[in-house]
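First to last, the sequence lines map onto chains A, B, C, D and E.
1 is the number of the first residue of the first sequence in my numbering; add one for each residue after it.
1 is the number of the first residue of the second sequence in my numbering; add one for each residue after it.
1 is the number of the first residue of the third sequence in my numbering; add one for each residue after it.
1 is the number of the first residue of the fourth sequence in my numbering; add one for each residue after it.
1 is the number of the first residue of the fifth sequence in my numbering; add one for each residue after it.
The structure under discussion appears below in the form of structure tokens.
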Amino acid sequence: MVSTLTFPKGGVHPPESKGLTEQLPIQVMPLPAELHLILGQHIGAPCTPTVAKKAAVGEGDLVADVSKGLGVPLHAPAAGSIKAIATAAHPIRVTTPSITLAVDREAQPRQWTADQWQQLTAQELLQKVHDAGIVGIGGAGFPTHVKLKPPADTPVDTLLLNGAECEPYITADHRSMVEKAEEIVEGAKILLKILGIKTCVVGIENNKPDAIAAMTAAVRAAGGDDSDISVVTLQVKYPQGSEKQLIQAITGRKVPAMALPSAVGVVVHNVSTTRAVYEAVALGKPLIEKVVTISGRGIVKPANLLVKIGTKVSDIVEYCGGISDEVAKVVLGGPMMGFAVSTLDIPVTKTTSAVLFLTKEEIDTTPLSSCIRCGWCLDACPMGLEPKEIGLYVEANRPENTEQFGVFECFECGSCAYVCPAKRPLVQFVRLAKMKAKRS
Amino acid sequence: MKNFLTIIFRLTASCLVAGLIMGTTFVLTNKAKKANEHAREQKVVFALLGYSGGQEIPESMGMHELYRYVVTDGEGQSIGYLLPVGEHGQDGGFSFVRIGLDGSFLNQTSVPVSEENVRDQGERDKAIQAALGGDKTIRFTDQTIVVTDHGQRTAYLLSGKFPGFKTNIAIILALDPEYSVIGLEVMEHEEDPGLGAEIEQDYFKNQFKYKPFEKIKSIEVAKKPMPDEYFAALEGNVDEAAADDIMQQYRDQDIYALTGATISSVAVSSGVKGMTRKFAYRLDLLDNVLEQQQIAVPF
Amino acid sequence: MSNDKTSLQLVTNGILKENPIFKLALSMCPAVGISTTVMNGIMLGLAVLFVQVFSSVTISLIKDFIHPRIRIPTYTLTIATWVTVIDLTLAAFFPVAYAKMGIFVKIIVAFAIITMRLEMFACKETVSDSFWDGIGMGMGFLLGMVTIGFVRELLGSGAIMGYDVLGFKPLLFFILPSAGFFVVGLMMGFFNWIETRYAQRKRGNA
Amino acid sequence: MWNVSVSPHVRSPESVGKIMWTVVACLVPPLVLSIFVFGIQVLLITAVSVISCMAVEAICQKALNKPVTVSDGSAALTGMLMAFVIPPGVSFLIPVLGAVMAIFIGKHLLGGIGYNFFNPALLGRAFLLATFPVAMTSAWLPPLTDGAIFSYLASGVDAVSTATPLAVMKEQGMAAFREAFGTPSEVYGSFFLGWRPGCIGETSGLLLVLGGLYLMYRRYITWHIPVSVLGTIALLTWMFGGETLFTGDPLLAVLTGGALLGAFFMATDYVTSPTTRTAQLIFGAGIGALTVLIRIKGGYPEGVCYAILLMNPLSPVLDGWFKPKRFAPPAGGEK
Amino acid sequence: MKRLIRLILCAALPVFFGLTGAGQAAGLVAATEFGADNEIIVQFNTPVDPAEATDTQSYTVYEETDPDIRLTVSEVSLSTDGRQATLSFAEPLNTSVAHVVTLHDVGGVAETSFSVSKSYLGYLFSILISALLINNFVFTKYLGLCVFFGTSKRKQTAKGMGVVFTIVIVVAVSMSWVLFQYVLKPFNLDYLQIVIFIGLTSLTVQAVDTVLRKVNPILFKSFGVYLVLVIANCVIIAVPLLMASNEYNYFETFMLSLGAGGGFLLALYLMSSVSERLELARVPASFKGLPIAFIVAGQFAMAFLGFSGLQLF
């Protein structure tokens with residue numbers, strides 16, 4: 001499957017390391033004893049609890065809702081009772097308000113009934129997406145319904161489904177595409193209807209031939225209506241899964257800095273998000289569980305697990321047979337953009353795509369040295385920035401001068417830091433520069 | 001307005017005072033400057049002739065300066081020499097002798113100029129121009145000193161300038177009556193220190209010493225290391241007799257190039273070659289004319 | 001403004017605290033260009049000393065006569081006059097040394113240090129204070145030049161004041177003009193370092 | 001406790017040390033050949049140069065209270081390159097002094113690795129050339145023909161000095177060149193293999209090219225700088241290097257002097273060369289043009305070193321002029 | 001800023017082209033030039049008779065300064081079309097002086113003389129390049145350092161200072177030339193050089209200041225600050241002194257001042273672009289600021305040694 005489709009500038013080829021979980025079918029993880037539902041799951045305002053302590057809830061019941069601002073409601077992933085509404089550990093924010101749910105493991109799993117979504121209007125479908133609490137599963141967790149309402153002045157003509165999954169290790173989308181291709185295609189049709197357009201392109205990197213085959217077959221099987229869905233093969237290159245790079249790779253259009261994809265007539269959704277949309281609209285099932293890749297050489301049994309939102313990493317570790325002593329770093333998300341955590345006592349959120357247990361051999365701990373101006377970061381940066389200059393300015397304590405290097409265009413893909421032979425933490429420099437430059 | 005006038009007045013006053021100070025200094029120092037410059041040149045010249053240090057300069061020695069000019073008039077170009085006339089010891093004044101390009105005598109004009117003023121190019125040019133009349137233009141080219149002892153010529157001193165590696169190199173060259181080199185002094189140069197600048201070192205410039213005219217006429221530069229004994233002799237590190245021996249031994253050799261500064265070495269040796277050859281040619285012509293026309297000169 | 005400094009303080013101020021070369025970093029051209037020997041340093045230093053003192057005294061003498069609108073032109077005129085005087089004198093009596101210094105004597109006229117002292121000091125102070133200030137500044141320059149010249153002559157030609165002391169030429173590089181930059185830069189850095197060390201020790205004692 | 005440093009959590013296996021030592025390794029074959037061509041003292045000079053550079057680096061870092069990073073190989077590389085551009089017959093003191101200039105003044109006073117503007121090795125060479133003009137321009141040795149690599153060490157090198165091909169060409173003309181080395185077509189082969197007088201490192205064009213190609217294969221350097229340097233030298237020599245226009249010998253110009261060494265190993269120095277491709281092409285072309293200018297019109301027979309030194313400070317300028325193309329600037333331009 | 005540079009260029013171009021016009025007079029000889037070391041090449045307008053043209057007796061050649069000494073023509077070769085003769089001499093020629101060649105009885109012309117010299121335009125150009133690069137006033141003559149170090153910290157400042165300086169120096173030196181040529185020299189007032197030159201510079205600065213203030217206040221705002229500094233720059237006095245001691249004519253003077261100004265601009269621009277990077281560097285504390293600027297300037301000076309001995313024409 002040779003393909004030349006990719007974004008032209010920058011990018012790196014980190015070792016894929018997907019072999020650990022690539023062939024493992026999605027396993028359903030049994031219910032844990034407790035679930036921790038973080039109220040601020042994603043970008044936007046945190047939710048406000050709508051249930052009281054000790055209240056009994058059923059699977060899929062609303063437990064928290066947005067009171068104001070951008071956001072989506074939160075549902076109980078399983079039946080049980082509210083144990084506490086307090087603070088809990090959070091991967092980035094240290095602690096955060098959350099709901100603790102004592103799971104009733106005896107309760108019968110709820111049966112989700114199929115609906116005839118074709119009869120609903122776009123507006124009604126959109127409301128369903130919102131009510132199901134769907135956010136972008138692959139990335140920063142941007143509320144999906146907002147993305148489906150592009151500004152009136154920038155008409156959209158193409159829907160892109162992001163199946164690139166360019167981060168090493170992660171295979172959650174890959175397995176979803178292989179096993180649930182029909183659902184994804186169905187979801188795509190729902191999205192097309194909401195957007196009121198016909199064209200949809202699914203982009204998949206060519207290291208997932210089985211996913212490409214499954215998706216192509218599903219698209220062919222689902223044909224017959226007037227929608228125009230196609231599957232394209234992309235070259236393997238990181239960060240292909242970044243919105244701007246994917247759009248450029250498939251359509252050749254360039255999204256200007258500080259603009260949304262709709263500015264060039266495109267909306268991008270992750271394949272897993274699409275599947276969540278399908279479940280929400282066609283089955284009425286809110287976003288309460290998701291596929292998470294458990295990988296790395298530090299975990300005994302790597303797996304692609306379907307877990308309830310709020311499951312603690314420690315429970316997952318227990319289910320996967322524990323971790324070895326050699327684990328040096330635990331990362332939530334991919335190795336390029338995920339964040340390292342210091343405890344396993346944290347829950348899976350709607351945006352967690354993987355939990356990686358990396359051993360010393362897999363990570364690099366060489367201390368940083370001076371920039372030698374090799375310019376490799378310039379070659380690696382997909383946005384055409386100069387990370388070395390940003391780093392030098394930050395290091396010289398002048399982060400406020402970095403705006404000239406387009407620091408705000410950086411989406412922190414980590415390509416620069418990956419290639420840097422001086423092992424400079426360029427992403428960290430950029431974050432610092434962003435903070436300081438914003439402040440000034 | 002009053003303000004303006006004050007400014008003008010005060011500025012003028014300051015300028016006048018300043019001018020006065022500078023003018024006075026100029027008048028006071030000008031003579032000394034010329035005298036010192038002449039003395040410096042004189043010192044080099046005597047050193048070249050072998051009267052260095054505290055050695056007495058014999059009374060009988062005379063120095064006679066020849067100034068060469070190119071004269072252009074309606075008919076073409078000719079060469080003019082301003083030279084002292086009369087017998088040695090008496091001040092016969094100066095005469096401007098013009099010679100055609102082919103060596104034939106054209107005319108002789110007496111130039112009223114004092115010994116003092118003749119050294120100053122401006123004064124000298126003015127005097128010659130006045131003597132020749134307005135239809136001719138003159139251009140000074142070079143000057144030569146003829147050294148005599150008891151009326152006999154003992155040496156010629158040539159000053160010349162030629163392009164070196166970087167800028168012009170100015171030298172004074174002393175020749176004996178047979179046009180063999182007596183000595184060479186580098187007056188000005190801006191060659192690279194450690195490389196071309198070595199032309200002012202004894203071991204380079206003394207190589208020209210004793211080279212006969214026949215050799216100088218076709219002298220070349222050899223790019224090979226200088227033998228140690230020759231180096232010692234040139235630098236004056238061996239006693240005089242031995243040094244003379246060695247110098248004689250190498251008198252028909254080419255000039256050993258300075259290591260790493262071949263261009264400067266070649267520049268000096270071809271400069272010396274050119275100066276000597278041209279001078280020999282010209283002096284023969286001049287002597288010829290002086291003899292034919294029976295112009296009495298103190299040399 | 002009047003000052004209560006003694007003549008000695010004025011002189012040491014110019015030599016140490018406000019050394020025109022190492023501290024004020026003015027008139028750097030000769031410090032780099034011709035500081036190849038101690039002798040050059042002394043000659044040019046004396047020339048600067050002369051111009052500085054005479055200009056300071058002159059300006060101080062005529063400070064009431066100078067119209068404020070033409071202050072700077074008057075300074076320039078004064079300096080140019082004294083530079084011409086020293087230039088002619090050196091040319092007449094020290095032709096060899098003068099030839100070595102090239103046009104550096106003449107460009108004393110454009111030295112910022114002299115104008116600066118006239119503007120900041122001489123036009124406000126008494127004649128004697130201006131004299132001592134001029135001496136201080138000139139001496140500061142002279143000593144700076146001698147120091148640099150000493151280092152360069154010793155390292156470059158193995159000699160001091162023209163007398164061969166080492167018997168060989170250690171590093172020809174130092175008599176090349178480009179070395180002037182390095183020597184001045186290194187010495188400045190070195191003096192800064194000593195100063196910080198000194199200040200630290202003082203603070204440590206206190 | 002686990003490592004919680006910021007993303008990315010995986011790093012490419014390359015490191016500064018790996019790059020530097022690889023370049024050093026690429027310079028070893030020319031060095032070995034040089035030992036066979038000029039004798040064992042070449043190895044000693046190189047060793048002195050490398051060791052003194054590393055020592056000066058360690059001393060500087062200790063004195064400035066910085067971590068000692070001698071093991072990253074950058075000082076060793078500087079030492080190696082500096083040894084490569086000095087004649088094989090110089091005294092052992094010379095590289096030591098060069099090391100002080102290169103590492104202390106050229107690098108650590110300016111803030112250490114990454115902050116220098118001039119290639120330290122070449123700065124060291126320029127310093128040596130100014131300090132020891134005679135030794136640095138005349139201590140060339142004729143290639144050994146009998147393979148007796150200890151002979152110069154035993155007999156001393158003073159008596160056998162010779163001239164480099166470029167010096168002969170410049171000072172004595174093409175006729176003398178032919179007499180000393182043979183016609184250009186005859187010398188291509190021997191110059192390419194390394195049998196000619198010259199600097200320690202400029203002997204074999206073949207080994208230098210192979211080393212450079214290996215660095216390209218490893219993606220440590222790109223083709224831009226070497227190709228533009230050598231291309232410009234060849235083109236301009238062809239145009240102006242002969243007695244009339246368009247009769248110069250481009251191949252000879254590339255093979256002689258340090259052109260190959262400079263193009264592959266010195267001009268490509270990361271710190272002192274520009275980072276964007278366009279800037280690199282212009283940088284290389286500038287080096288080529290200055291090289292030919294100095295060779296034909298200048299005061300030195302060989303111009304690569306000074307050409308690189310002259311272009312080095314232009315790399316910040318070029319980097320400023322030729323920024324990488326941004327993905328897509330904000331609509332309506334920068335504010 | 002750009003407009004100013006363009007203005008300077010526009011002023012320089014006519015001078016160049018005006019000079020190129022002055023070629024050889026029409027007639028038998030079309031053009032002459034120095035060939036290799038010991039050759040003079042003569043181009044004829046019409047083919048000439050080989051017998052006449054290859055006879056060494058048909059030519060007399062002498063250096064312009066030595067009309068009495070004939071150079072021996074050892075051989076003359078004529079190109080096949082009969083339009084180009086190459087005169088070979090026994091000895092290499094001194095190409096720095098003009099050579100006068102006289103033809104006798106060639107191509108039906110009894111006698112015609114012409115002078116062969118290196119292109120004057122090339123000579124002017126070499127003065128420019130020399131002042132700009134080879135003898136760059138900052139890096140190889142070590143002048144103007146105070147202002148150089150003072151204004152080389154920011155690129156913007158450097159460009160402003162360099163351009164203002166170039167304009168002032170060209171104007172001031174031109175005026176100095178007129179005054180030197182027509183007042184100082186004829187009246188033996190050489191000793192007033194320093195006062196006159198510095199005075200003219202002050203006058204130019206004052207004039208530029210006044211004119212700019214009136215004509216273009218915006219430009220004045222950005223450049224006005226540098227005007228004061230121009231006067232404290234030794235280069236401004238060194239250039240007219242150099243002009244006086246070399247006895248340059250106006251074109252040469254113009255080129256010298258343009259080169260000096262341009263060289264200063266170049267040095268400032270290079271140093272400033274380096275300085276901006278240097279600010280980020282971890283320079284040892286004692287060396288921050290001026291000391292390191294000196295050391296970097298020293299490294300520049302070392303690199304500029306590469307131009308030493310460069311002879312363009």
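Think of the CB as a built atom: it goes at the ideal place given N, C-alpha and C, for glycine as much as any other residue.
- Query: Around the C-beta of residue 7 (chain D), are 16 or more other C-beta atoms found within 10 angstroms, so that it is buried, or is it exposed?
  - Reply: buried
- Candidates B:65, B:25, B:21: closest to residue 42 (chain B) by CA position: B:65
- Could you give the C-beta distance for residue 377 (chain A) and residue 387 (chain A), rounded to a whole number, given that I count them as a contact under 8 Å? 4 Å
- So, helix, strand or coil for residue 308 (chain A), using DSSP? strand
- Item | Assigned secondary structure, residue 15 (chain A) (DSSP; H/G/I helix, E/B strand, else coil) | coil
- Item | Sheet register partners of residue 184 (chain B) (DSSP bridge) | B:173
- For residue 76 (chain B), which of E:83, E:68, E:197 has the nearest alpha-carbon? E:68
- Message: Under 7 Å, CB to CB, which of the residues in the region 55-78 of chain D have a partner in chain G?
- Response: Structure shown: chain G not included; protein chains present are A, B, C, D and E.
- Task: Output the distance between the C-alpha atoms of residue 271 (chain E) and residue 315 (chain D), rounded to the nearest integer angstrom.
- Result: 12 Å
- With C-beta atoms as the reference, is residue 421 (chain A) less than 8 Å away from residue 16 (chain D)? yes
- Message: Which same chain residues end up closer than 7 Å to residue 219 (chain E) when comparing Cβ atoms and leaving out the 5 residues on each side of it in sequence?
- Response: 212
- For residue 406 (chain A), the three-state DSSP class (helix, strand or coil): coil
- Do we get a CB-CB distance below 8 Å when we pair residue 265 (chain C) with the residues of chain E? Look at the range of chain C in this structure, 1 to 206, and you will see that residue 265 (chain C) is not part of it.
- Item | CB contact below 8 Å: residue 29 (chain C) versus chain E | yes
- Query: What does residue 202 (chain E) touch in chain C if you count any residue whose Cβ is under 7 Å from its own?
  - Reply: 73, 76
- Task: Could you give the DSSP three-state label for residue 253 (chain B): helix, strand or coil?
- Result: coil
- Item | Test item: CB-CB of residue 292 (chain E) and residue 310 (chain E) under 8 Å | no
- Cβ-based neighbour list, residue 21 (chain E), same chain, cut-off 6 Å, excluding 5 preceding and 5 following: Only weak support exists for where residue 21 (chain E) lies, its pLDDT of 38 falling under 50; the value from the coordinates is given anyway. Excluding positions up to five away in sequence, the list is empty.
- Message: Applying the 10 Å Cβ sphere with the 16-neighbour rule, what's the burial state of residue 246 (chain D)?
- Response: exposed
- Message: On the DSSP bridge list, what partners appear for residue 36 (chain A)?
- Response: A:100
- Task: Determine the direct distance from the alpha carbon of residue 240 (chain E) to that of residue 25 (chain E), and round the result to whole angstroms.
- Result: Note on residue 25 (chain E): pLDDT 43, under 50, position unreliable in the model; the coordinate value appears next. Their backbone Cα atoms lie some 34 Å apart in a straight line.
- Would residue 106 (chain A) be called buried (16 or more neighbouring beta carbons within 10 Å of its own) or exposed? exposed
- Message: Can you give me the C-alpha to C-alpha distance between residue 296 (chain A) and residue 362 (chain A), rounded to a whole angstrom?
- Response: 8 Å
- Which residues, taken in chain order from the region 211-242 of chain E, show a beta carbon closer than 8 Å to some beta carbon of chain C? 231, 232, 233, 234, 236, 237, 238, 241, 242
- Task: Spatial neighbours of residue 38 (chain B) within its chain, please: CB distance less than 8 Å, with the 5 preceding and 5 following residues excluded, ordered by chain position.
- Result: 119
- Just the C-alpha distance for residue 396 (chain A) and residue 261 (chain A), rounded to the nearest angstrom, thanks. 35 Å
- Roughly how many whole angstroms lie between the Cα atoms of residue 23 (chain E) and residue 231 (chain E)? Here the model assigns residue 23 (chain E) a pLDDT of 41, short of 50, so the residue's position is not dependable, and the following value carries that caveat. If I take the Cα positions, the gap works out to 40 Å.
- Query: Taking 8 Å as the CB-CB limit, is residue 283 (chain D) close to chain C?
  - Reply: no
- Task: Answer with buried or exposed for residue 139 (chain E), where buried requires no fewer than 16 other C-beta atoms within 10 angstroms of its C-beta.
- Result: buried
- Touch check for the region 235-249 of chain E and the region 353-368 of chain A: three-plus C-beta pairs under 8 Å? no
- Select from the region 190-203 of chain C all residues with a C-beta closer than 9 Å to any C-beta belonging to chain B, and list them in chain order. none
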